[in-house]
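Note sheet for the following structure.
In this note's numbering, the protein residues as written are 47 to 291.
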């Protein structure tokens, strides 16, 4: 399988404008993501898909590959499809979050390992071992079936354990946190970008529910690596202390 890694990177951000170009210990955020992604052994190529020439030129300045995409895309998935159409013939695309400056290449390779030509979509999940995460509505959760396919995503804690007190939930059941990195089979990527916003997606504000609601199967790969996304300047300060102090 030929696999293209795409890092979507918008310039505008409500909570953190120009986030992709933010300095982290002498390197921009997008450079750190790119340099980590190219360490993955299963990707045939890595490109940045951006809507701004400042990001495009910056990526090229450090030797990275980048393509311009529309500023009107509503999601990273849509941006990935346009970037794929401008890049070449690949069986799969892996969407690598542009605000994960310290992402490890290992989970990218773990995700790539399940891309066999049959798998339509895949994503990462991590076992939850912390109550603060378990009951945090800003952290999406996933429920899996016996084939490790995602049955549902929710911001709420799912499943609800009717016969256990909440302090006992982690000892009574295995809960999964969703890690927002996606793999798409190229033909499926073309299809899902044409789907209208679904009712479940509107309810939870989770794009991946649109795919489930339309009958696509999402394979879950369990990882021990956590996500360390940067949404705000405070997040940037936090991850800088954690990884560079």
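By construction, the Cβ of each residue, glycine as well, lies at the ideal position given by its N, Cα and C atoms.
Outcome for residue i when other beta-carbon atoms lying within 10 angstroms are tallied against a minimum of 16
i, result
"residue 173", "exposed"
"residue 104", "buried"
"residue 97", "buried"
"residue 151", "buried"
"residue 39", "Since the first and last residues shown for the chain are 47 and 291, residue 39 lies out of range."
Proximal residues to residue i (C-beta, below 7 Å), its chain only, five neighbours per side dropped
i, result
"residue 180", "174, 203, 215, 216 and 221"
"residue 65", "59, 75, 145 and 276"
"residue 170", "153, 157, 225, 227, 267 and 269"
Inter-residue Cα distance where the pair is residue i and residue j
i, j, result
"residue 275", "residue 208", "32 Å"
"residue 197", "residue 190", "5 Å"
"residue 134", "residue 120", "23 Å"
"residue 210", "residue 273", "29 Å"
"residue 157", "residue 91", "15 Å"
"residue 287", "residue 224", "24 Å"
"residue 63", "residue 236", "29 Å"
"residue 246", "residue 206", "18 Å"
"residue 86", "residue 108", "18 Å"
"residue 154", "residue 123", "17 Å"
"residue 195", "residue 263", "7 Å"
"residue 47", "residue 212", "44 Å"
"residue 284", "residue 242", "37 Å"
"residue 61", "residue 184", "15 Å"
"residue 89", "residue 82", "12 Å"
"residue 53", "residue 192", "31 Å"
"residue 249", "residue 187", "15 Å"
"residue 138", "residue 253", "19 Å"
"residue 238", "residue 125", "12 Å"
"residue 201", "residue 182", "8 Å"
Whole-number beta carbon distance between residue j and residue i, since they are thought to touch under 8 Å
i, j, result
"residue 95", "residue 84", "Actually they are not in contact, since the Cβ atoms of residue 95 and residue 84 sit about 15 Å apart, beyond 8 Å."
Contact set for residue i: own chain, Cβ-Cβ below 6 Å, skip 5 residues either direction
i, result
"residue 165", "265"
"residue 128", "115"
"residue 77", "108"
"residue 147", "70, 75, 78 and 79"
Chain B within 8 Å of residue i, Cβ atoms only
i, result
"residue 274", "Here chain B cannot be found, since the structure has a single protein chain."
Residue i CB to nearest heavy atom of the ligand COA below 7 Å
i, result
"residue 90", "With respect to small molecules bound, the structure shown includes none, and the ligand COA cannot be examined in it."
Own chain, CB closer than 8 Å to residue i, minus 5 neighbours either side, in chain order
i, result
"residue 244", "255, 256, 259 and 260"
"residue 101", "55, 57, 66, 67, 76, 94 and 112"
"residue 168", "157, 160, 161, 228, 229, 264, 265, 266 and 267"
- Message: My parser needs the beta strand (DSSP E) runs of 3 or more residues fully inside the stretch 171-204; what are they?
- Response: 187-190 and 196-200
- Please go through the stretch 208-273 and give each complete beta strand (DSSP E) segment of 3 or more residues, from N-terminal end onward. 222-231 and 264-268
- Only counting runs of 4 or more residues, tell me where the alpha helix (DSSP H) segments fall wholly within the stretch 129-178, in order along the chain. 151-158
- Item | Residue ranges of each alpha helix (DSSP H) within the stretch 73-129, 4 or longer | 75-83 and 99-107
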